[in-house]
Amino acid sequence: MTDLLIMMATILGTFLMVVASLGVLRLPDFFHRVHPPAKSSTLGLMFLLIALVMEFPDVETITKGVLAFLFLAITAPAAIHLLTRAAYRQGIPCASEPRPDDYRKFVDRHHDDLDPDRKPVDAGHD
Amino acid sequence: MKEFVILAAIVALLVGVVLSGVRMIIGPTIYDRVLAFDTAGLDVIGAILLVEILFDTGVFMDVVLVIALLGFLGTITLTAYLEGRLGD
Chain P
376 MTDLLIMMAT
386 ILGTFLMVVA
396 SLGVLRLPDF
406 FHRVHPPAKS
416 STLGLMFLLI
426 ALVMEFPDVE
436 TITKGVLAFL
446 FLAITAPAAI
456 HLLTRAAYRQ
466 GIPCASEPRP
476 DDYRKFVDRH
486 HDDLDPDRKP
496 VDAGHD
Chain E
32 MKEFVILAAI
42 VALLVGVVLS
52 GVRMIIGPTI
62 YDRVLAFDTA
72 GLDVIGAILL
82 VEILFDTGVF
92 MDVVLVIALL
102 GFLGTITLTA
112 YLEGRLGD
């Protein structure tokens, strides 16, 4: 019974993480590509950690598993959010124009040190 | 049965690392490369968790924590470097 649950959690978590990697490779531009590792990869890791804790239900593994769970759940999306913010302010182009673009207004209003006609740092989406 | 499923999952996660590695190589921007590195790090963490189940040991839990911490710090550091500052 426990083995069945472990196998189900393993398959589900692995599926989510591989799909996230595939999305990073296949999606059209950077602002699409940030979504898979921020959401799908984090959820997949949660399932793999659940599988591990079901396999070894002792105090040490549960403590470290919960610690890794909390740390990854907080830091993985936060780091990617910071990366996306830096990319937006650099002017990385979108495949399609985002509408409505509320953050652009906020950046223009509060950060007048940024050049409003700033150019992309590099070639855009492929 | 369980060993086979876990082994196949490890292989699938390594394929995920390869897919992220392709994005890391083709770019086209530095942000895509940092993002692909982050994704590959998460895949490696998942593979280590499954190796723990396969080898019936709990000793790699510290490795998972250290890789998670270093991956987060690496992404944050590169972001601060690219943006020129951190925070508003």
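Order-wise, the sequence lines are chains P and E.
If you use the numbering used here, the first sequence corresponds to residues 376 to 501, in order.
If you use the numbering used here, the second sequence corresponds to residues 32 to 119, in order.
Cβ coordinates follow ideal geometry from the N, Cα and C atoms, glycine included.
All values derive from a computational prediction rather than experimental measurement.
- prompt: Residues in the segment 53 to 84 of chain E with C-beta within 8 Å of chain P's C-beta atoms, listed in sequence order?
  reply: Of all residues in the segment 53 to 84 of chain E, only 53, 54, 57, 58, 59, 60, 61, 62, 63, 65, 66, 67, 69, 70, 71, 73, 74, 76, 77, 80, 81, 83 and 84 place a beta-carbon less than 8 Å from a beta-carbon of chain P.
- request: Ignore the nearest five residues each way along the sequence and tell me which others in residue 121 of chain E's own chain have a CB closer than 7 Å to its CB.
  value: One cannot answer for residue 121 of chain E here, as it falls past the ends of chain E, which runs 32 to 119.
- request: Identify the continuous alpha helix (DSSP H) that holds residue 439 of chain P and give its terminal residues.
  value: Numbered from 1 along the first sequence, position 64 holds the residue referred to as residue 439 of chain P. Residues 434 to 465.
task: Please list, in chain order, all residues of the same chain as residue 495 of chain P whose beta carbon is under 8 Å from its beta carbon, the five residues on each side excluded.
output: For this step, residue 495 of chain P is matched to residue 120 along the first sequence. Confidence in residue 495 of chain P is poor, its pLDDT being 49 and thus under 50, which makes the residue's placement unreliable; the coordinate value appears in the next sentence. If we look at residue 495 of chain P and ignore the five residues flanking it on each side, its Cβ neighbours are 465, 466, 467 and 468.
Under 8 Å from the C-beta of residue 96 of chain E: neighbouring residues of chain P: Looking up residue 96 of chain E in the second sequence gives position 65. What residue 96 of chain E touches in chain P: 439, 442, 443 and 446.
query: In chain E, what lies closer than 7 Å to residue 483 of chain P by C-beta?
result: The residue labelled residue 483 of chain P in the question sits at position 108 within the first sequence. Near residue 483 of chain P there are no residues of chain E at all, since even the closest Cβ is about 14 Å away, more than 7 Å.
- request: Between the Cα of residue 424 of chain P and those of P:396, P:399, P:386 and P:406, spot the shortest distance and give me the residue it belongs to.
  value: In the first sequence, counting from the first residue as 1, residue 424 of chain P sits at position 49. The residue with the shortest Cα to Cα distance from residue 424 of chain P is P:386.
- request: Output, in chain order, the set of chain E residues within a Cβ distance shorter than 8 Å of residue 380 of chain P.
  value: Taking the first residue of the first sequence as 1, we reach residue 380 of chain P at position 5. Against residue 380 of chain P, chain E offers no close residue; the least beta-carbon distance is about 11 Å (beta-carbon pairs closer than 8 Å).
Other residues of its chain near residue 429 of chain P: CB distance less than 8 Å, five sequence neighbours each side excluded: The sequence position of residue 429 of chain P within the first sequence is 54, counting from 1. Closer than 8 Å at the Cβ level, and outside the excluded window around residue 429 of chain P, lie 377, 380, 381 and 384.
message: Using 8 Å for Cβ pairs, my map puts residue 459 of chain P next to residue 92 of chain E. What's the rounded Cβ distance?
response: As a first step, residue 459 of chain P is located in the first sequence; it is residue number 84 there, counting from the start. As a first step, residue 92 of chain E is located in the second sequence; it is residue number 61 there, counting from the start. No, residue 459 of chain P and residue 92 of chain E are not in contact; Cβ-Cβ is about 30 Å, not under 8 Å.
task: Would you mind stating whether residue 393 of chain P and residue 50 of chain E have Cβ atoms separated by less than 9 Å?
output: Along the first sequence, read from residue 1 onward, the residue named residue 393 of chain P stands at position 18. Along the second sequence, read from residue 1 onward, the residue named residue 50 of chain E stands at position 19. Less than 9 Å separates the beta-carbon of residue 393 of chain P from that of residue 50 of chain E.
message: I need the DSSP call for residue 382 of chain P, collapsed to helix, strand or coil.
response: One-based indexing of the first sequence puts residue 382 of chain P at position 7. Helix.
query: CB residue 44 of chain E to CB residue 75 of chain E, shorter than 9 Å?
result: In the second sequence, counting from the first residue as 1, residue 44 of chain E sits at position 13. In the second sequence, counting from the first residue as 1, residue 75 of chain E sits at position 44. The criterion of a C-beta distance shorter than 9 Å is satisfied by residue 44 of chain E and residue 75 of chain E.
Three-state secondary structure (DSSP) of residue 471 of chain P: On the first sequence, position 96 is the one that residue 471 of chain P refers to. Looking at residue 471 of chain P - three-state DSSP - the assignment turns out to be coil, as it is neither helix nor strand.
- prompt: From residue 82 of chain E to residue 480 of chain P, what distance separates their C-alpha atoms?
  reply: If you number the second sequence from 1, residue 82 of chain E lands on position 51. If you number the first sequence from 1, residue 480 of chain P lands on position 105. Taking the straight line from one Cα to the other gives about 48 Å.
message: What does the Cβ neighbour count give for residue 55 of chain E, buried or exposed, with the cut at 16 atoms within 10 Å?
response: As a working mapping, residue 55 of chain E is identified with position 24 in the second sequence. Under a 10 Å Cβ-count criterion, residue 55 of chain E is classified as buried, with 16 or more other Cβ atoms of the shown protein chains found around its own Cβ.
- prompt: Distance, Cα to Cα, residue 417 of chain P vs residue 408 of chain P?
  reply: Looking up residue 417 of chain P in the first sequence gives position 42. Looking up residue 408 of chain P in the first sequence gives position 33. For the pair residue 417 of chain P and residue 408 of chain P, the Cα-to-Cα distance works out to about 14 Å.
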